[in-house]
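Quick note, the sequences are listed as chains D and S, same order.
For the first sequence, position 126 (counting from the first letter as 1) is numbered 126 according to the working numbering, and the numbering increases by one without interruption.
Take any residue in the second sequence, note its place counting from 1, add 239, and you have its number in the working numbering.
We treat Cβ as the ideally placed atom computed from N, Cα and C, and that holds for glycine.
Number of protein chains: 2
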Amino acid sequence: MPRFFIDTEPSEYITVTGGDARHIGYSLRMKKGDSITFCRMGTDYFCTITEMSEDTVTCRIDRAEPSKCEPSVSLTLYQAFPKQDKFEQIIQKTVELGAARIVPFLSKRCVSRPSEKDFAKKLERFRKISEEAAKQSGRGIIPEVAPLMTFEQALEDMKSCELRLICYENGGKRLSELGLPEYKSIGVMIGSEGGFDRSEAERAADSGAVPVWLGERILRCETCPVAVSAVIMNLTGNM
Amino acid sequence: MPRFFIDTEPSEYITVTGGDARHIGYSLRMKKGDSITFCRMGTDYFCTITEMSEDTVTCRIDRAEPSKCEPSVSLTLYQAFPKQDKFEQIIQKTVELGAARIVPFLSKRCVSRPSEKDFAKKLERFRKISEEAAKQSGRGIIPEVAPLMTFEQALEDMKSCELRLICYENGGKRLSELGLPEYKSIGVMIGSEGGFDRSEAERAADSGAVPVWLGERILRCETCPVAVSAVIMNLTGNM
């Protein structure tokens, strides 16, 4: 069933205008009486279309339920910014897999180093990719893509997570050894093309992040967050 | 350390010619006395370069060891053939993650349906992608990309695996419930863009494949094999 996201809490009816309304009427060719789902902050609103005009669609809310597609764990991905197309792949795949938030940051070995201003211009596109992936995979939220941070800002931001991890190819614990189901929120720091510098890995460990090791095979920077998200969702009973 | 694959079992020395030799001399700028690793069928040969000419590199084998990068489980991915660029992504990522073999086949909902002959032309390119991913991730083998099969041929081929699975969005067991560490070889069937038709899922189950469910969120066909490979490697102690 088609899913759309809304911004404000609805009461009895949901009225959609603009691009989404045209998408419902023209692309999906939906009509009065059809079923449609709207989502807002983890709640699914199951609706019936009651009125349609050229650019407005009105829907009656039949029932509202917590979205069963949202994982029980809140996973934030702190991703050292790779080349743009790789970052876009990472957003798409990790949103499908259940990430709650994606925070890009600059580490020493990042090759692509956009200024804050240049990054801000791209943020709208990144957020669109998150929204599309959320719709397509049936999520109950649109995971936020945060503005670009420094390494220190990312470490500080990660303090809001109950469990903090950093993927480090030179060794650490396995994901299975961490008792993941105990935690409600997990933050994982993942390197860009060249991985992390030793001083960064040490700094993250000092700030409370547990080094995690993903085995003998070297993963590309865009494979690592997808693999880590899948394994965390599996180990926490969400896949 | 740079890794190269060789075709025949070496004795005391390894001699490399052609593209690999030029890659060693020109691109990597390696020289006499440098260390280099060769792999063949799960064995790593740790070598020292002893002679170099324009297009030949000779290396002394210092020691040979079973490749520690090879997972303890042999994972074969039976992938319903998606659009070509997605299949290439799937090869690259699942080889990094440890798949032993990738078998493409045609299912009812495959959109891209190359003839056997057209597929055969692309096979060399697919195998090159597997080789590159194997080198880059440090594998001890080059995982085979098999010729295109029919659904029935794929089911028959999968009988060589101790445990047989089919990912099916309409329900099944979770990967964590299957006692994966008991098995030495696992085959997983994964759908293309539209997933599997119900009759195909039933046919696979009849032939002994356990339906597997990956949770509430709908994964793209190129995300699913990457997620499944990562979770299987984790659950079998290989990640």
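#1: Rounded to whole angstroms, what is the Cα-Cα separation between E156 (chain D) and G195 (chain D)?
#2: Determine, using beta carbons only, whether A64 (chain D) comes closer than 9 Å to chain S.
#3: In chain order, which continuous runs of the beta strand (DSSP E) of length 3 or greater are located wholly inside the segment 339-387 of chain S?
#4: Would you call V470 (chain S) buried or exposed, if buried means 16 or more other Cβ atoms sit within 10 Å of its Cβ?
#5: Specify, as a first and last residue, the run of the alpha helix (DSSP H) that I456 (chain S) falls within.
#6: Which ranges does the alpha helix (DSSP H) cover as unbroken runs of at least 4 residues, wholly within the segment 26-107 of chain D, from first to last along the chain?
#7: Going by other Cβ atoms of all chains shown within 10 Å of its Cβ, with 16 needed for buried, is M1 (chain D) buried or exposed?
#8: If we call anything under 9 Å between Cβ atoms a contact, is G139 (chain D) one with G187 (chain D)?
#9: Beta-carbon within less than 8 Å of V350 (chain S)'s beta-carbon, same chain only, minus the 5 sequence neighbours each way: which residues are those?
#10: Look at the Cβ atom of I36 (chain D), then the Cβ atom of F5 (chain D), and state whether they are nearer than 9 Å.
#11: Measuring alpha carbon to alpha carbon, tell me which residue in D:S53, D:K173, D:R101 is nearest S160 (chain D).
#12: Give the straight-line distance between the Cα atoms of R279 (chain S) and T247 (chain S), rounded to the nearest whole angstrom.
#13: What does R139 (chain D) reach in chain S if we use C-beta pairs closer than 8 Å?
#14: Identify every residue that forms a DSSP beta bridge with C161 (chain D).
#15: Going by DSSP, what residue range makes up the alpha helix (DSSP H) through S199 (chain D)?
#16: Against chain D, does Q375 (chain S) count as a neighbour if the rule is that its beta carbon must be under 9 Å from one of theirs?
#17: How long is the line joining the alpha carbons of I288 (chain S) and E200 (chain D), rounded to whole angstroms?
#18: How big is the Cα-Cα spacing for Q375 (chain S) and G411 (chain S)?
#19: Drop a sphere of 10 angstroms on the beta-carbon of D283 (chain S), count the other beta-carbons inside from all chains shown, and report buried for 16 or more, exposed for fewer.
#20: Identify, in the order they occur along the chain, each residue of the same chain with its Cβ nearer than 7 Å to the Cβ of R63 (chain D), setting aside the five sequence neighbours on each side.
#21: Among the candidates D:V228, D:E54, D:E96, whose CA atom is the shortest distance from the CA of G215 (chain D)?
#22: Kindly list, in the order they appear in chain D, the residues whose Cβ is closer than 7 Å to that of G337 (chain S).
#23: When DSSP labels each residue in this structure, what does G195 (chain D) get in the three-state scheme?
#24: Please report how far the alpha carbon of S306 (chain S) lies from the alpha carbon of I380 (chain S), in whole angstroms.
#25: Taking only beta-carbon atoms, is M472 (chain S) less than 9 Å away from chain D?
#26: Tell me which same chain residues have a C-beta within less than 8 Å of the C-beta of E304 (chain S), skipping the five on either side of it?
The structure says:
#1: Here residue 156 (chain D) refers to the residue found at position 156 when the first sequence is read from its first residue. Here residue 195 (chain D) refers to the residue found at position 195 when the first sequence is read from its first residue. Rounded to the nearest angstrom, the gap between the Cα atoms of E156 (chain D) and G195 (chain D) is 20 Å.
#2: The residue you call residue 64 (chain D) lines up with position 64 of the first sequence. No - not a single Cβ of chain S is within 9 Å of the one on A64 (chain D).
#3: Listed in chain order, they are 340-345.
#4: For this step, residue 470 (chain S) is matched to residue 231 along the second sequence. Buried: at least 16 other Cβ atoms inside 10 Å.
#5: For this step, residue 456 (chain S) is matched to residue 217 along the second sequence. Checking the displayed sequence, the identity of residue 456 (chain S) turns out to be Arg instead of Ile. Under the DSSP assignment, R456 (chain S) falls outside any alpha helix (DSSP H); it carries neither an H nor an E label.
#6: Counting whole runs of 4 or more residues, the segment 26-107 of chain D contains the alpha helix (DSSP H) stretches 84-97.
#7: What you label residue 1 (chain D) is simply residue 1 of the first sequence in a count that begins at 1. So M1 (chain D) counts as exposed.
#8: By one-based count along the first sequence, residue 139 (chain D) stands at place 139. By one-based count along the first sequence, residue 187 (chain D) stands at place 187. A quick correction: the sequence has Arg, not Gly, at residue 139 (chain D). The answer is no: Cβ separation not under 9 Å.
#9: Position 111 of the second sequence, counted from the start, is the residue given in the question as residue 350 (chain S). Sequence-distant partners of V350 (chain S) (beyond 5 residues in either direction) whose C-beta falls short of 8 Å from its own C-beta, in its chain, are P321, K322, S431, E432, G433.
#10: Translated into positions along the first sequence, residue 36 (chain D) becomes position 36. Translated into positions along the first sequence, residue 5 (chain D) becomes position 5. For I36 (chain D) and F5 (chain D), no; Cβs fall outside 9 Å.
#11: On the first sequence, residue 160 (chain D) is found 160 positions in, with the first residue counted as 1. Among D:S53, D:K173, D:R101, the Cα nearest to that of S160 (chain D) is on D:R101.
#12: Numbered from its first residue, the second sequence carries residue 279 (chain S) at position 40. Numbered from its first residue, the second sequence carries residue 247 (chain S) at position 8. So the alpha carbons of these two residues sit roughly 8 Å apart.
#13: As a first step, residue 139 (chain D) must be located in the first sequence, where it is residue number 139. Under the 8 Å cutoff, chain S gives R456.
#14: Position 161 of the first sequence, counting from 1, holds the residue named residue 161 (chain D). Paired residue(s): none; C161 (chain D) is not in a bridge.
#15: The residue labelled residue 199 (chain D) in the question sits at position 199 within the first sequence. Counting along the chain, the unbroken alpha helix (DSSP H) around S199 (chain D) starts and ends at 198-206.
#16: If you number the second sequence from 1, residue 375 (chain S) lands on position 136. Among the residues facing chain D, Q375 (chain S) is included, as its CB has a counterpart in that chain under 9 Å away.
#17: As a first step, residue 288 (chain S) is located in the second sequence; it is residue number 49 there, counting from the start. As a first step, residue 200 (chain D) is located in the first sequence; it is residue number 200 there, counting from the start. Distance between the alpha carbons of I288 (chain S) and E200 (chain D): 35 Å.
#18: Against the second sequence, residue 375 (chain S) aligns to sequence position 136. Against the second sequence, residue 411 (chain S) aligns to sequence position 172. Q375 (chain S) and G411 (chain S): Cα-Cα distance of roughly 35 Å.
#19: Here residue 283 (chain S) is taken as the residue at index 44 of the second sequence, counted from 1. Burial call: buried.
#20: Along the first sequence, one-based indexing puts residue 63 (chain D) at 63. The answer, listed in chain order, is F46.
#21: Locating residue 215 (chain D) in the first sequence gives position 215, where the first residue counts as 1. Minimum Cα distance to G215 (chain D) is reached at D:V228.
#22: Sequence index remark: in the second sequence, residue 337 (chain S) carries index 98 (1-based). Under the 7 Å cutoff, chain D gives R217.
#23: Looking up residue 195 (chain D) in the first sequence gives position 195. Coil at G195 (chain D), not helix or strand.
#24: Position 67 of the second sequence, counted from the first residue, corresponds to residue 306 (chain S). Position 141 of the second sequence, counted from the first residue, corresponds to residue 380 (chain S). Annotation: S306 (chain S) to I380 (chain S) spans about 9 Å, alpha carbon to alpha carbon.
#25: Looking up residue 472 (chain S) in the second sequence gives position 233. With respect to chain D, the C-beta atom of M472 (chain S) has a partner C-beta closer than 9 Å.
#26: Counting from 1 along the second sequence, the entry for residue 304 (chain S) is found at position 65. Answer for E304 (chain S): T282, D283, F285, listed in chain order.
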